[in-house]
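Student:
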């Protein structure tokens, strides 16, 4: 059976990355966890390594898409004769990352080329609905398929599918672009319900700026794919 590598993009997640790595290492079929420390100012990289992850560090923040590509390249360099499947997880999942197994199973079984998590328990975040609506309607308009949680970054996919979607859409448009590009090329995409949860990011000024950047990046990813 092809092994599974977990790739975790992380920036300033020193308080949660250890628990996320530990949980990811316990997933069935996972024999490698790579954390991409994307220009953190805290101890994210050191904590991740202590928890058992291989760590790739960006000297400056380069964004989620770049972190995903760096992680995938690190896995490729460590792969033997058979390429691992890739499971992308967010750094702030903590111990709930152990619930990612249902994402892996359809890919390993050859029933899907990419799975996308649908969180059963959702945390309401200020302004997030606008970005979700933009992404959902954009994916539906371009591909005819309507995703439940189009921005969910918890995804498992084959190496072939990942390589077929490169170059990834920049910044926070990466999930939207990935979904559209794979569907257009005929890959099988499936949503899977999981009992995972993020840390709530709130509704303060910094959170609203984050939403604005998300909206911008998703809009750009859609614009070049229409």
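Numbering (my numbering), first residue to last: 282 to 507.
Where is the CB? At the ideal position from N, CA and C, for every residue including glycine.
Remember, it's a predicted structure, so these values are computed and weren't measured experimentally.
#1: Specify, as a first and last residue, the run of the alpha helix (DSSP H) that residue 341 falls within.
#2: Can you say whether residue 503 is buried or exposed, counting buried as having 16 or more other CB atoms within 10 angstroms of its CB?
#3: Should residue 433 go down as buried or exposed, given a rule of 16 or more other Cβ atoms within 10 Å for buried?
#4: Identify, in the order they occur along the chain, each residue of the same chain with its Cβ nearer than 8 Å to the Cβ of residue 373, setting aside the five sequence neighbours on each side.
#5: For the stretch 386 to 406 against the stretch 328 to 345, do three or more pairs of beta-carbon atoms, one drawn from each stretch, fall closer than 8 Å, so that the two count as touching?
#6: Looking only at its own chain, which residues have a Cβ that is under 6 Å from the Cβ of residue 487, when we skip the five neighbours before and after it?
#7: Check whether the stretch 378 to 396 and the stretch 448 to 458 touch, using three or more Cβ-Cβ pairs below 8 Å as the test.
#8: If you drop the 5 nearest sequence neighbours on each side, which residues of the same chain put their C-beta closer than 6 Å to that of residue 364?
#9: Can you give me the C-alpha to C-alpha distance between residue 304 and residue 337, rounded to a whole angstrom?
#10: Please list the segments of the beta strand (DSSP E) lying wholly inside the stretch 380 to 439, counting only runs of 3 or more residues, in order along the chain.
#11: In terms of residue numbering, what span does the beta strand (DSSP E) encompassing residue 459 cover?
#12: Could you spell out the range, first to last residue, of the alpha helix (DSSP H) harbouring residue 446?
Tutor: In short:
#1: If you number the chain shown from 1, residue 341 lands on position 60. Per DSSP, residue 341 belongs to no alpha helix (DSSP H) and is neither H nor E.
#2: In the chain shown, counting from the first residue as 1, residue 503 sits at position 222. By the 10 Å Cβ count, residue 503 comes out buried.
#3: Reading the chain shown from its first residue, position 152 is the one you call residue 433. If you draw a 10 Å sphere on the C-beta of residue 433, you find 16 or more other C-beta atoms in it, and that means buried.
#4: On the chain shown, residue 373 is found 92 positions in, with the first residue counted as 1. Result list for residue 373: 294, 297, 301, 479, 480, in chain order.
#5: As far as the Cβ criterion goes, the stretch 386 to 406 does not touch the stretch 328 to 345, which means the pair count is below three.
#6: Counted from its first residue, the chain shown places residue 487 at position 206. There are no such residues.
#7: Touching, no, given that fewer than three Cβ pairs across the two stretches are closer than 8 Å.
#8: Against the chain shown, residue 364 aligns to sequence position 83. Taking C-beta separations shorter than 6 Å and ignoring five residues to either side along the sequence, the partners of residue 364 in its chain run 440, following chain order.
#9: Your numbering for residue 304 matches position 23 in the chain shown. Your numbering for residue 337 matches position 56 in the chain shown. When rounded, the distance between both Cα atoms is 19 Å.
#10: Correct list: 395 to 400, 436 to 438.
#11: For the purposes of this step, residue 459 is taken as the residue at position 178 of the chain shown. Per DSSP, residue 459 belongs to no beta strand (DSSP E); it is in the alpha helix (DSSP H), 455 to 465.
#12: Taking the chain shown and counting its residues from 1, one reaches residue 446 at position 165. No alpha helix (DSSP H) contains residue 446, which DSSP labels as neither H nor E.
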